[in-house]
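>
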Amino acid sequence: MGKWLECIYNEGDDLAKIYAMKALVDYYDVSSNFCLTKFKNLSVLNSWRINIRICDLIDSITSKITKAHFKLIFEPALLKVMASTEP
């Protein structure tokens with residue numbers, strides 16, 4: 116588990132971050148503050164690949180977090196993807 120979570124810190128390696136996100140969702144029950152901080156860092160990276168992966172995982176994420184945390188951390192990333200002009 117730790118190996119995947121360390122991938123969140125690697126710069127310029129979107130693929131590793133994309134695979135690490137599922138582990139981050141699963142780790143939420145162990146340390147919610149840690150995971151929320153990492154998701155916040157990921158959503159700020161301004162990578163469409165990462166934002167799409169967040170959208171893919173949103174069902175499993177929202178089943179675990181509170182509405183306030185969703186609005187603070189995930190809503191901006193989802194709105195960015197929805198407003199994107201990219202195909």
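In the numbering used here, the protein residues as written are 116 to 202. Yeah, the Cβ is synthetic: ideal placement off N, Cα and C, and Gly gets one too.
Straight-line CA distance for L139 to D171?
Within the sequence shown, residue 139 is the residue found at index 24, counting from 1. Within the sequence shown, residue 171 is the residue found at index 56, counting from 1. Near 14 angstroms, if we compare the C-alpha coordinates of D171 and L139.
> Roughly how many angstroms lie between the CA atoms of I188 and Y134, to the nearest whole one?
By 1-based counting over the sequence shown, the position of residue 188 is 73. By 1-based counting over the sequence shown, the position of residue 134 is 19. Distance between the alpha carbons of I188 and Y134: 19 angstroms.
> Return the chain-ordered list of same chain residues with a C-beta closer than 7 angstroms to the C-beta of D129, the five sequence neighbours on each side being excluded.
Residue mapping note: residue 129 aligns to position 14 of the sequence shown, counting from 1. S162, R164 and I165.
> Thinking just about the alpha-carbon of each residue, which of M136, C150 and K137 is nearest to the one in I180?
Here residue 180 refers to the residue found at position 65 of the sequence shown. Of the candidates M136, C150 and K137, the one whose C-alpha sits nearest the C-alpha of I180 is C150.
> Nearest by alpha-carbon distance to K155: which of A131, M136 and S199 is it?
On the sequence shown, position 40 is the one that residue 155 refers to. Looking at the Cα atoms, M136 is the closest of the given residues.
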